[in-house]
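Undergrad: Mind having a look at this structure? Questions to follow.
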Amino acid sequence: MHFEFKNNDESSLAALIGEEADKLGFPAYYVGGFVRDRLLGRASKDIDVVCVGDGIVLAKAVSSRLQLQRQVTIFKRFGTAMLNYRDLEIEFVGARKESYSKDSRKPSVSPGTLEDDQNRRDFTINALAVSVNAERFGEILDPFNGIEDLKNGIIRTPLEPSKTFSDDPLRMLRAIRFGSQLGFEILDSTFEGIKQNAHRIEIISAERIHTELNKILATKSPSIGFERLSTSGLLKYIMPEFEALRGVEFKNGVGHKDNFYHTLKVLDNLCAMSDNLWLRWSALLHDIAKPPTKKFVDGIGWTFHGHEVVGTRMAYKIFKRLKLPLDHKLKYVQKMIRLHLRPISLTREDITDSAIRRLLFDAGDDIEDLMMLCKADITSKNEKKVQRIKENYDIVRQKLIDVEEKDKIRNWQPPI
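To convert, take the position in the sequence shown, counting from 1, and add 1481; that gives the working numbering.
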């Protein structure tokens, strides 16, 4: 099977890289994400080039041939080099094989063959290679049937799953992230490998973890990823506070809703309205304090009084532990959590001009985001309750517009 480049420019660039590799006597290949995304019909601005030889030498030769003004960026420690060409970022590396120790995801690296390099890849869909040398230009090398997995929408490891995930536990998060991004299923044996090694996620840095969480949150339906994080056992190590939302407790025959699934529904609802990452974090954490504030009151049922206040403190601890930004982004998330009950909790009688002004003052420029979160939070299965809350929401929304208009007129100053 031959690889189809998107256009002549892409094909010409690949041929040029192949020509320089031929001069050096290096077999060279496009590998990984660029190949995968092109086969899926997705755009990609990153190209990874693997050569059986010195990647830095090849990068310099290609840069010289392209007459680039900017120098090649070299990372000697990793044996890689990077250059920017038009809107593309191209990384060059020599083929390598890896071995891991149990207490680190950083491997011992030595020069290897293309086969060695494909063996070390995380998933079959990322182990595809395309030759750019003249003799075999465009030939796809697919030793693990990655193309078949792309067609069938499957995430699968090239080698034995437990070893793949034990060697580099970050791959467990990547499996779930790719599954969420691409809408793929994770093969049962691969998912079982994640379950067996979930505890090893603790050796991964917080920065790496939050990067993957952000990518899951950026997907169309993050609930898919977070459900898999939970069922795989990863979530209890990454965010135990969120895992604690799972389940329904009954007392005197009265139960509360499963706040884990409620939160996932709110998150998906919100994602249909906004791609604001920090508003999505707000949806994820808006009820995070329900477990520690849960109380059963005779004659009333289950209550979660103050969860919006306790939740702001918990958000700080979660952001700090995951090394997420503790600046205005955290403040924004805390504000959304603190205020998320306010608009809907206003009854018809409470929706006065002064109450609306207080809400406008407290929410500030984020009032529209807050109203989106409130709308996303309407998830009850009781149709009458949903109708009542939606009517209330519409009244508050209209009142916000009316009060802002009144205040504009009141504050208007005629030109002198």
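Yeah, the Cβ is synthetic: ideal placement off N, Cα and C, and Gly gets one too.
1) Any Cβ of chain D within less than 8 angstroms of the Cβ of Leu-1549?
2) Take the Cβ of Phe-1646 as the centre, count every other Cβ of all protein chains shown within 10 Å, and call the residue buried at 16 or more, exposed below.
3) Candidates Glu-1693, Ile-1690 and His-1788: which alpha carbon is nearest Leu-1726's?
4) Only counting the same chain, and skipping five residues up and downstream in sequence, which positions put a Cβ closer than 8 angstroms to that of Ser-1713?
5) Taking Cβ positions, are Ile-1832 and Lys-1801 nearer each other than 8 angstroms?
6) What does the alpha-carbon distance come out to for the pair Val-1611 and Lys-1557?
7) Our contact map puts Ile-1685 next to Leu-1651 with C-beta atoms below 8 angstroms; I'd like the distance itself, whole angstroms only.
8) Where does Arg-1517 land, buried or exposed, given buried means 16+ other C-beta within 10 angstroms?
9) Pick helix, strand or coil for Ser-1702, following the three-state DSSP scheme.
10) Going by beta carbon distance, what residues of the same chain come within less than 8 angstroms of Lys-1776, once the five residues before and after it are set aside?
11) For the segment 1618-1631 against the segment 1596-1609, are there 3 or more C-beta pairs whose distance is under 8 angstroms?
12) What runs of the alpha helix (DSSP H), each 4 residues or longer, lie entirely inside the segment 1543-1630?
13) Looking only at its chain, what residues have a beta carbon closer than 8 angstroms to the beta carbon of Leu-1841, apart from the 5 residues adjacent to it on each side?
14) Express the C-alpha separation of Asn-1740 and Ile-1818 in angstroms, rounding to a whole number.
15) At what residues does the alpha helix (DSSP H) containing Thr-1833 begin and finish?
16) Residues in its own chain within less than 6 angstroms of Glu-1500 by CB, not counting five upstream and five downstream?
17) Ordered along the chain, which non-local residues of its own chain (more than five positions away) have a Cβ less than 7 angstroms from that of Arg-1546?
18) Between which two residues does the beta strand (DSSP E) holding Phe-1777 run?
19) If you run the structure through DSSP and keep just helix, strand and coil, what is Ala-1509?
20) Assign Leu-1765 to one of two classes, buried (16 or more other C-beta atoms within 10 Å of its C-beta) or exposed (fewer than that).
21) So what does Cys-1532 bridge to, in DSSP terms?
22) By the DSSP assignment, the alpha helix (DSSP H) with Thr-1671 in it spans what residues?
23) Measuring only the C-alpha atoms, how far is Ile-1697 from Leu-1505?
24) Please look up how many angstroms separate the CB atoms of Asp-1527 and Glu-1570, rounded, as I've assumed it's under 8 angstroms.
25) How would you label Gly-1792, buried or exposed, when you count the other beta carbons within 10 angstroms and need 16 or more for buried?
26) Less than 8 angstroms between the C-beta atoms of Val-1530 and Phe-1559, yes or no?
27) Can the beta-carbon of Asn-1909 be found closer than 8 angstroms to that of Ala-1857?
28) Does the beta-carbon of Gln-1815 have 16 or more other beta-carbons within 10 angstroms, so that it is buried, or is it exposed?
29) If we ignore side chains and look at the alpha-carbon of each, how far apart do Asp-1768 and Glu-1641 end up?
30) Any idea if Met-1852 is buried or exposed, counting beta-carbon neighbours within 10 angstroms, 16 or more meaning buried?
31) Between which two residues does the alpha helix (DSSP H) harbouring Gly-1782 extend?
32) Buried or exposed: Gly-1513, going by 16 or more other Cβ atoms within 10 Å of its Cβ?
33) How many whole angstroms separate the CB atoms of Leu-1811 and His-1691, which I take to be in contact at a CB cut-off of 8 angstroms?
34) In this structure, how does DSSP classify Asp-1527 when only helix, strand and coil are distinguished?
35) Cutting at 6 angstroms between CB atoms, please list the residues of its own chain near Leu-1441, excluding the five before and the five after it.
TA: Let me spell this out:
1) Going by chain labels, chain D is absent from the structure shown, which holds only one protein chain.
2) Residue burial annotation: Phe-1646 is buried, with at least 16 other C-beta atoms found within 10 angstroms of its C-beta.
3) Measuring from the Cα of Leu-1726, the nearest candidate turns out to be His-1788.
4) These residues qualify, in order along the chain: Met-1653, Ile-1657, Phe-1672, Ile-1675, Lys-1676 and Ala-1679.
5) No, the Cβ-Cβ distance between Ile-1832 and Lys-1801 is not below 8 angstroms.
6) A straight-line Cα-Cα distance of about 25 angstroms links Val-1611 and Lys-1557.
7) Yes, Ile-1685 and Leu-1651 are in contact; Cβ-Cβ is about 5 angstroms, under 8 angstroms.
8) Arg-1517 is buried by the Cβ-count criterion.
9) Note: Ser-1702 maps to coil in three-state DSSP.
10) Once the five neighbours on either side are set aside, the close Cβ partners of Lys-1776 are Trp-1783, Thr-1784, Phe-1785 and His-1786.
11) Under the Cβ criterion (8 angstroms, minimum of three pairs), the segment 1618-1631 counts as touching the segment 1596-1609.
12) You should have 1595-1600.
13) Contacts found: Ile-1848, Leu-1881, Val-1884 and Glu-1885.
14) Cα-Cα distance, rounded: 15 angstroms.
15) For Thr-1833, no alpha helix (DSSP H) encloses it, and the DSSP letter there is neither H nor E.
16) Counting only Cβ-Cβ distances below 6 angstroms, and skipping sequence neighbours, we find nothing.
17) The residues are Leu-1497 and Glu-1501.
18) Annotation: the continuous beta strand (DSSP E) that includes Phe-1777 extends over 1776-1778.
19) Strand at Ala-1509.
20) Looking at its Cβ environment, which holds 16 or more other Cβ atoms inside 10 Å, Leu-1765 is buried.
21) In the DSSP output, where bridge partners are listed per residue, Cys-1532 has Ala-1509 and Gly-1575.
22) Per DSSP, Thr-1671 belongs to the alpha helix (DSSP H) from 1669-1678.
23) A direct Cα-to-Cα measurement between Ile-1697 and Leu-1505 gives close to 41 angstroms.
24) Indeed they touch by this definition, with Cβ atoms about 5 angstroms apart.
25) In summary, Gly-1792 is buried, with 16 or more beta-carbon neighbours lying within 10 Å of its beta-carbon over all protein chains present.
26) No, Cβ-Cβ distance for Val-1530 and Phe-1559 is not below 8 angstroms.
27) There is no way to answer for residue 1909, as the model of the chain reaches only from 1482 to 1897.
28) Sixteen is the threshold: when 16 or more other Cβ atoms of the shown chains lie within 10 Å of the Cβ of Gln-1815, as they do, the residue is buried.
29) Asp-1768 and Glu-1641 have their alpha carbons spaced roughly 39 angstroms apart.
30) Result: buried.
31) In the DSSP assignment, Gly-1782 falls outside any alpha helix (DSSP H) and lies within the beta strand (DSSP E) extending over 1782-1784.
32) Buried: at least 16 other Cβ atoms inside 10 Å.
33) Not quite, the Cβ-Cβ distance comes to about 12 angstroms (not below 8 angstroms), so this is no contact.
34) Reduced to three states, the DSSP call for Asp-1527 is strand.
35) The structure shown does not extend to residue 1441, since the chain is modelled only from 1482 through 1897, so no value can be given for it.
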